[in-house]
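Down below is the structure, laid out as structure tokens.
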Amino acid sequence: MIEINGVTKRYDRKLYALKGINASLKERVTTVIGRNGAGKTTLIRILSTQLFPSSGTATIEGLDILKDTKKVRQIMSSIPQEAQLIGILSPLEQMQLYLMARGFTASQAKAEAKDALDELELYDFRNAPSDTLSGGMKRKVFVAMALAAKAPVIFLDEPTTGLDPLSRIEVWSAIKRLASKIILTTHYM
Ligand SMILES: Nc1ncnc2c1ncn2[C@@H]1O[C@H](COP(=O)(O)OP(=O)(O)O)[C@@H](O)[C@H]1O
Ligand SMILES: [Mg+2]
895 MIEINGVTKR YDRKLYALKG INASLKERVT TVIGRNGAGK TTLIRILSTQ LFPSSGTATI
955 EGLDILKDTK KVRQIMSSIP QEAQLIGILS PLEQMQLYLM ARGFTASQAK AEAKDALDEL
1015 ELYDFRNAPS DTLSGGMKRK VFVAMALAAK APVIFLDEPT TGLDPLSRIE VWSAIKRLAS
1075 KIILTTHYM
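Numbering-wise (the numbering used here), the sequence shown opens with residue 895 and increments by one.
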């Protein structure tokens, strides 16, 4: 469960990106929709401890994002809207790096990465330099990365932007099959 308590963000004196947001997110999957500039990315960044709110706070599974930041990071994985792959590394290599940084052993990381790549129909591209993948395929690698980590809470900022309709369905069904709590932003209604 995520409780958002009066979260406000001002990037400068004039503009409120978020103004006193209160919400209880109880469902397994929560979708944040809104116009460009509505504040979706700002909210995701604050909840995933990458940005301080100007005021207010939130708890994730009972942990306060400001006081229990380290613990919050241990139970979540987050894919930013602007995430970029390292071009010379293959999807499998980057996913292994990411998962090992999160504490997986090398062999666990490889097995989980392969499973997630297979789930998103990327298995045949697992060893290709990421530079050679299409934009949509790169986006799917990040979704695979977030899912493979098996974190209890997952944040995805526009995971399906630029994806063709079939890839979009693959992402939605991968999300549905997961047990994690997911908060995602999207323009697909
Ligand atoms: N780093 C920043 N500095 C100043 N203003 C920002 C910054 N990031 C976002 N904003 C502003 O905050 C508002 C919300 O942006 P954002 O959260 O990215 O919206 P969304 O993700 O819904 O498109 C916009 O008006 C945007 O211009
Ligand atoms: Mg955004």
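Ideal Cβ placement from N, Cα and C applies to all residues, glycine included.
With respect to the 8 angstroms criterion, K1032 and V1065 are not classified as neighbours on the basis of their beta carbons. Relative to ligand 2, even the nearest heavy atom lies 7 angstroms or more away from the CB of T1054.
Annotation note: the segment 931-988 contains the following uninterrupted alpha helix (DSSP H) runs of length 4 or greater, listed N- to C-terminal: 934-941 and 963-969.
Secondary structure at S1001: helix, using DSSP grouped into helix, strand and coil. From the listed residues R904, S1001, L983 and S1061, the smallest Cα separation to S1024 is found for L983. A residue is called buried when at least 16 other Cβ atoms come within 10 angstroms of its Cβ; K913 does not meet this threshold and is exposed. A Cβ-Cβ contact shorter than 8 angstroms links V1037 with P1053. By the CB criterion at 8 angstroms, P947 and V901 fall inside the cutoff.
In the displayed model, T1080 falls within coil according to three-state DSSP, outside both helix and strand. Annotated three-state conformation of G900 is strand, per DSSP.
DSSP lists T1079 as the bridge partner or partners of D1051. The closest heavy atom of ligand 1 lies less than 7 angstroms from the beta carbon of A932. Per the C-alpha coordinates, the member of G933, A1073 and R939 positioned closest to R967 is R939. Of the other Cβ atoms in all chains shown, 16 or more fall within 10 Å of the Cβ of L979; this residue is therefore buried. Within the same chain, Cβ atoms closer than 6 angstroms to the Cβ of T924 are found at I1077, the five residues on either side in sequence being excluded. Counting other Cβ atoms within 10 Å of its Cβ, L909 stays below 16 and is therefore classed as exposed.
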